[in-house]
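Asks:
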Amino acid sequence: MSDKKHAAYICAGCGLGERLDIAALEAVAKKEGKMQIVRTHPFLCSEEGVAMIRADIESEGVTHAAICACSRRAKTEAFNFPTTAIARGNLREGVIWVRPDTEEARETTQEMAEDYVRMACAEVKAMTQPAGNPNTGMNKTLLVVGGGISGMTAALEASKAGYKVVLVEKTGSLGGWAARLHRRVPTREPFKSPEDTGVADMLAAIEADPNIKVYLNATIAKTSGAPGRFKVDIAVESGPTVTEDIGAIVQATGFTLYDAGKLPHLGYGKSPHVVDQAGLEALARAANGGPIKRADGKEVKSVVFVQCAGQRDASGEHLPYCSGHCCNTSIKQAIYFKDANPDVDAVVLYTDLRTPGNGEDFYRAAQNRGVIFSKGVVSEVVPAGDGLSVKFHDLILDDRNAQIEADLVVLATGMVPNSGVNIDSLTAPQVEGQEAPAEGEVKPVSILNLTYRQGPDIPQFKWGFTDSHFICFPYETRRTAIYAAGPVRRPMDIAQAIEDATGAAMKAIQAMENAGLGRAAHPRSGDLSFPTARLEGCTQCKRCTVECPFGAIDEDEKRYPVFNESRCRRCGTCMGACPVRVISFENYSVNTVGAQIKAVNIPDEFENKPRILILACENDAYPALDMAALNRNCYSAYVRAIPVRCLGSVNTIWITDALNSGYDGVMLMGCKHGEDYQCHFVKGSELGRYRMSKVYDTLKGMNLEPERVLDLEVAITDLHTLPRKIDDYVAKIQQIGPSPFKGF
Amino acid sequence: MTSVVATNQTILVVGGGIAGMTAALEAAETGKRVVLVEKNPWLGGRTAQLYRYFPKMCHPTCGLEINLRRLKANPNVQVLTLAEVTGISGQKGDYTVTVRLKPRYVNEKCTACGDCAQAVATEIPDAFNYGLGKVKAAYLPHSMAYPMRYVLDPAIIGTPEAEAARAACKYGAIDLDQKEEVVSLKAGAIIWATGWRPYDAAKITPYRYGEFPNVITNVEFERLADPHGPTGGRILRPSDGREAKNIAFIQCAGSRDENHLRHCSRFCCMGSLKQTHYVQEKYGDEGKSTIYYIDIRAIDRFEDFYAKVRANPNVTFIKSKVARISQDKDGNPVCWGVNTEGYKRYANTHDLVVLAVGMEPEVKGVDIPAEVMSDSSGFIMADPLNGAIFGAGCATNALDVNRAVQSATAAALRAVQVVNQIARAEA
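Chains as they are written, first to last, in this note's numbering: chain H, 201 to 944; chain D, -8 to 418.
What follows is the structure, encoded as structure tokens:
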């Protein structure tokens, strides 16, 4: 402990010197903050100011510095001292920019500033600079599960970057769906004709690549460990199970075509001349550029493509979504016919034709070849004579009894992701009266067989796809260093799958590199802190292991938590969950926040100066407060704001401590939760709120009004409304009156 | 003089929108050295100018905050703003690039205190709000601008106002002697992520954009709906400042049209569906939206978003390409055309027309000073002839944000492959 040295630096620039009594702030830092060195600078972020701090670090041995100047989001380049623990007292955006510059406001503004100095000093004393994760795994081999276009792409691209790859494919050959295609939708100018699938070239490249080890007829029997040190058991048909050391995983397990057998009204199963898109590819491959023949050998002279077959279905019976590629695929297949024989009648019946980007050129190319596109909804396909009759509602003529005859009908059915077990359904309570799976329905089989406490596969998003819920961060699966790619993630075509798999390989490589350095993955990329637990205090309640949104914590035989640091994203949800408060990060703990709460000076009940604690999500609410300040939107001087990593990291002890020590109210500011959640730790704000709902029982026990804790959903754009909400809350608290706990 | 630390193992990223920032960060977080070049004085690009994203209706600035925090925490990235690439020579693994830096007239001492703006009276069109409002000629581009530093517009340089701004700055942050400079740097690979621009709506002459004040574009409508925008988030008609409650959205304004943009711009259907939410959000049942469309392209899992808008009784869908727009005596735009479902003619009066203009690649018509293949729409096409110059985001295709980020992440790996090869060769 003796080698710790604490210093506080107070900036007098940006109007702080004019608006605040800096000498008083110095005195607070020295006497109450117990800082060994306290210095003021007229312009702390200037070269000279920074040099002053650096000199103290180098010559005076300062290890902990409370920088009382602007927001932690400002001047980060200047106040960058990697080896020193830093706390930021937010005097500018937190105080003078949100307070009117009036004589009347001077006293409360000064009190606010003094509290922020106290808080910064208290926080920094409770911090340690993270040493980095000692439990690193240095393995940098990428596992790719699935040998279709996506998986082959991920393997080849990772290899090109110099990484070893293990590629596991459950069938006897690589290539996936693409290998069953005659041609693919064009990816290059002039976007007019179907092109070679490219599968053969990829197979040859993999064959020739010494970095890529392929297991065919193989599945993943078990995945244990963590990023950088996964142990993966690969079960090979008719052979022994092999264990590979793996750094990161790309899951490219693709899709299955929606079962056209579920569409008997469209004639599938009733006539051999109704096929799905895969069936048509098989006929086209057999024809190999010549006239396409039906199963009975008859040359097809007329063909109807039925778009959205069992897709975009509002009834709930079939797929509710659009599979994205099928319009282009039907165009391609119609061109197969036209290119073999221009006299073939090819009709595409659609509701919205969806050919984004240069697909539009391909669409025009088909029109120019004489393919007919008609807006209509097909009601029925029935055998008629030697062929079929397609009955549809013609939306252009508004003719409900329209009908076309055709030799062959192609149903554009959709993609169903091969995503393994839906782990959320494992924990969902069984609903009474719910039907058991129908006989013959295949129960999903796990793909990764993770030994994680929270289930064997990566969590699913919607309709079984393993997509990320974040627009800005499409690769954020909820299992660190395991990335989904291709149609298992989202419906997509080949060109997109190639792009997607390349991106997923990038993320996986990055995850391996960072796991080796003990650094966190997104969104706290590079963070070296990690949670530790004082197990002697642990009551084995399992809340941390259950609540971790990223499946980072397992349990040992005695049900103690086992932290896998390189799976951890450093959100602190475990810390917030722990009822006995034994979990902490070096630089973010029950204590670093608790000490700030306790450091605030609480005026007695006669002063009529309430104190309200704000715990604000550092990604959205805290920046919203900062931006309110930047726009000089003022709010009450009675609040004291502390940024938290996530509402999920808020431990209820902070709230009860605050109320016990005489705060009059607590505002929690977190992100939206629910279906369209905006929490970047997925479940953090939801779990935080759930926990807070329990706080109201505590309030009752303390004989306090429930209004003393307010849970507020805040978005980063709320810079105009948030100050008003703060003021409204302060007014309400003043109405209720001072906390009876003051002075105890 | 700006100094840039770069070698042939450095990745140069051109364009600091969400694609460029993503490419830069993904490479940097894999341990690569990156120089990020942006022509605006701030990062974030067009996503920062959106009010909300589809389909979650969340705010783009939330992701921008995360990306900026990643950037601030990462010493591997050097950001050059007000910068444009003017020359590229050399080849894959060994490029020499010249970058022209325009003066900001404000150096890194700036604390964003705003005193300079107080000293300046001249106003210029607010570029961040697509010119819908004005800002002082000493301005912070927006509340999340990075770098968080003011900019002096060249309009006041050499005038007493610039001197007044300098005098007002207590920190010596205003440097009126800054000159345009050209720096040269090495790079092993280059990611071209210069994004898109809205198609020039004035070229679609029957729609009279620029002539009828109440015909605006989708990107302008984003700024009107945004509380940070010029109207504080109120949807007001440009002609008379009246609240616009009956709004037409015209799809494929320029897109899917061989006279304009031959491609489908992909994002605009979802964009307009999203914007009907803004109308609903502001006016409830009093707000009426009409979407004129050819096909609604709510591709893949966005279908449910479309279904929800379809179910809203305040939104009407008309399958039609609007033939022309006229203006009545009250300044209301009137849309003329034929509803192709049943061939019914219409002449519908609205308070405001929003043209869902398409996406034109920013590289179109711009000379990338190197051999880079592009398709007939002007998008960069992957090709071995491009060497180690890789397109990313909307420079390569008409993409939504999600797909632009995917594309940028893929581009980062392609660049990492090149610099890793060099590193191995030199090891």
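Cβ atoms here follow ideal geometry from the backbone N, Cα and C, with glycine treated the same way.
1) Would you say Cys104/D faces chain H, with C-beta separation under 7 Å as the test?
2) Is the beta carbon of Tyr458/H closer than 7 Å to that of Val610/H?
3) Along the chain, which unbroken stretches of the beta strand (DSSP E) at least 3 residues long are found entirely within the stretch 670 to 747 of chain H?
4) Return helix, strand or coil for Gln69/D, following the three-state DSSP convention.
5) Around the Cβ of His465/H, are there at least 16 other Cβ atoms within 10 angstroms (buried) or fewer (exposed)?
6) Please confirm whether Ile296/H has its beta-carbon closer than 7 Å to some beta-carbon of chain D.
7) Out of Val571/H, His518/H and Leu549/H, state which residue places its alpha-carbon closest to the alpha-carbon of Ile535/H.
8) Looking at C-alpha atoms only, which residue of Ser80/D, Tyr283/D, Lys335/D and Ala347/D is the closest neighbour of Asn377/D?
9) Ignoring anything shorter than 4 residues or poking outside the stretch 340 to 396 of chain H, list the alpha helix (DSSP H) runs there in chain order.
10) According to DSSP, is Trp33/D helix, strand or coil?
11) Within 7 Å of any Cβ in chain H, is that where the Cβ of Ala401/D sits?
12) Would you say the stretch 515 to 534 of chain H touches the stretch 357 to 374 of chain H, given that touching needs at least three Cβ pairs under 8 Å?
13) What in chain D is Cβ-close to Arg388/H, meaning under 7 Å?
14) Met892/H lies in the beta strand (DSSP E); which residues open and close that run?
15) In or out: Val688/H buried (at least 16 other Cβ within 10 Å) or exposed?
16) Under 7 Å, CB to CB, which of the residues in the stretch 799 to 826 of chain H have a partner in chain D?
17) Name the chain D residues whose beta carbon is nearer than 7 Å to that of His920/H?
18) With a cut-off of 7 Å, does the C-beta of Tyr890/H fall near any C-beta of chain D?
19) Would you mind giving the Cβ-Cβ distance between Asp545/H and Lys501/H, rounded to the nearest angstrom? I have them listed as a contact below 8 Å.
20) Using a Cβ distance threshold of 8 Å, determine whether the stretch 577 to 585 of chain H contacts the stretch 467 to 475 of chain H, with at least three qualifying pairs required.
21) Whole-angstrom Cβ separation of Gln451/H and Val345/H, contact assumed at under 8 Å?
22) Taking buried to mean at least 16 other C-beta atoms within 10 Å of its own C-beta, is Pro779/H buried or exposed?
23) Quick one: using the 10 Å Cβ neighbour count with 16 as the cut-off for buried, is Ala255/H buried or exposed?
24) Which residues of chain H have a Cβ atom closer than 8 Å to the Cβ of Tyr162/D, listed in chain order?
25) Pull up the distance between the alpha-carbon of Cys817/H and that of Leu847/H, whole angstroms please.
26) Is DSSP giving Leu55/D helix, strand or coil here?
27) Just confirm the distance between the C-beta atoms of Arg253/D and Ser368/D, as a whole number of angstroms; I'd bet it's less than 8 Å.
28) What residues from chain H crowd round Gly333/D, counting only those whose CB sits closer than 9 Å?
29) With H, G and I counted as helix, E and B as strand and the rest as coil, what does DSSP make of Ala165/H?
30) Just reading off the alpha helix (DSSP H) that Ser398/D is part of, what are its end residues?
31) Indicate whether at least one CB of chain H lies closer than 7 Å to the CB of Ile309/D.
32) In chain H, which residues lie with their C-beta within 8 Å of the C-beta of Ser134/D?
33) Using the beta-carbon of each residue, which ones in chain H are nearer than 7 Å to Thr52/D?
34) Of all Cβ atoms in chain H, is any one closer than 7 Å to the Cβ of Tyr44/D?
35) Tell me whether the beta-carbon of Val850/H lies closer than 7 Å to the beta-carbon of Gly776/H.
36) Quick check on Arg924/H: buried or exposed, where buried means 16 or more other Cβ atoms within 10 Å of its Cβ?
Replies: So, to answer that:
1) As a first step, residue 104/D must be located in the second sequence, where it is residue number 113. Chain H contact via Cβ: present.
2) Your numbering for residue 610/H matches position 410 in the first sequence. Your numbering for residue 458/H matches position 258 in the first sequence. Cβ distance not < 7 Å, so Val610/H and Tyr458/H don't count as in contact.
3) 682 to 684
4) Your numbering for residue 69/D matches position 78 in the second sequence. Strand.
5) Locating residue 465/H in the first sequence gives position 265, counting from the first residue. Classification of His465/H: exposed, given that the 10 Å Cβ count is below 16.
6) For the purposes of this step, residue 296/H is taken as residue 96 along the first sequence, with counting starting at 1. Not closer than 7 Å to any Cβ of chain D, the Cβ of Ile296/H fails to qualify, so no.
7) Reading the first sequence from its first residue, position 335 is the one you call residue 535/H. Among Val571/H, His518/H and Leu549/H, the Cα nearest to that of Ile535/H is on Val571/H.
8) Residue numbering aside, residue 377/D sits at position 386 when the second sequence is read from its first letter. Checked all of Ser80/D, Tyr283/D, Lys335/D and Ala347/D; the closest Cα to Asn377/D is Ser80/D.
9) 349 to 360
10) Residue numbering aside, residue 33/D sits at position 42 when the second sequence is read from its first letter. Coil.
11) To locate residue 401/D, count along the second sequence from 1; it is residue 410. The beta carbon of Ala401/D falls within 7 Å of a beta carbon belonging to chain H, placing the residue at that interface.
12) They do not touch, by the three-pair rule.
13) Position 188 of the first sequence, counted from the first residue, corresponds to residue 388/H. Met372, listed in chain order.
14) Locating residue 892/H in the first sequence gives position 692, counting from the first residue. Element bounds for Met892/H: not the beta strand (DSSP E) but the alpha helix (DSSP H), Gly884 to Gly901.
15) Locating residue 688/H in the first sequence gives position 488, counting from the first residue. Under this definition Val688/H is a buried residue.
16) Asn819, Asp820 and Pro823
17) In the first sequence, residue 920/H corresponds to position 720, counting from 1. The contacting residues are Pro218.
18) In the first sequence, counting from the first residue as 1, residue 890/H sits at position 690. Not closer than 7 Å to any Cβ of chain D, the Cβ of Tyr890/H fails to qualify, so no.
19) Stepping through the first sequence from its first residue, residue 545/H is reached at position 345. Stepping through the first sequence from its first residue, residue 501/H is reached at position 301. About 7 Å; that satisfies the 8 Å criterion.
20) yes
21) Against the first sequence, residue 451/H aligns to sequence position 251. Against the first sequence, residue 345/H aligns to sequence position 145. About 5 Å; that satisfies the 8 Å criterion.
22) The residue you call residue 779/H lines up with position 579 of the first sequence. Pro779/H should be labelled exposed.
23) As a first step, residue 255/H must be located in the first sequence, where it is residue number 55. Ala255/H counts as exposed, since fewer than 16 other beta carbons sit within 10 angstroms of its beta carbon.
24) In the second sequence, residue 162/D corresponds to position 171, counting from 1. Within 8 Å Cβ-Cβ: Gly213, Phe243 and Ser246.
25) Here the question's residue 817/H lines up with position 617 in the first sequence. Here the question's residue 847/H lines up with position 647 in the first sequence. For Cys817/H and Leu847/H, the distance between alpha carbons rounds to 6 Å.
26) In the second sequence, counting from the first residue as 1, residue 55/D sits at position 64. Helix at Leu55/D.
27) On the second sequence, residue 253/D is found 262 positions in, with the first residue counted as 1. On the second sequence, residue 368/D is found 377 positions in, with the first residue counted as 1. Sure, about 6 Å apart at Cβ, within 8 Å.
28) Within the second sequence, numbered from 1, the residue matching residue 333/D stands at position 342. Within chain H, the residues near Gly333/D are Leu595, Ile596, Leu597 and Asp598.
29) Absent from the model: residue 165/H. The displayed extent of chain H is 201 to 944, so no value can be given.
30) The count along the second sequence starts at 1 and reaches residue 398/D at position 407. Its alpha helix (DSSP H) spans residues Val392 to Glu417.
31) By 1-based counting over the second sequence, the position of residue 309/D is 318. Not one chain H Cβ lies under 7 Å of Ile309/D.
32) By 1-based counting over the second sequence, the position of residue 134/D is 143. Neighbours of Ser134/D on chain H, chain order: Met827, Leu830, Asn831 and Leu919.
33) One-based indexing of the second sequence puts residue 52/D at position 61. What Thr52/D touches in chain H: Ile916 and Thr917.
34) Working through the second sequence from its first residue, we reach residue 44/D at position 53. Yes - at least one Cβ of chain H is within 7 Å of the one on Tyr44/D.
35) Along the first sequence, read from residue 1 onward, the residue named residue 850/H stands at position 650. Along the first sequence, read from residue 1 onward, the residue named residue 776/H stands at position 576. Taking 7 Å as the Cβ cut-off, Val850/H and Gly776/H qualify as a contacting pair.
36) Here residue 924/H is taken as the residue at index 724 of the first sequence, counted from 1. Label assigned to Arg924/H: exposed.
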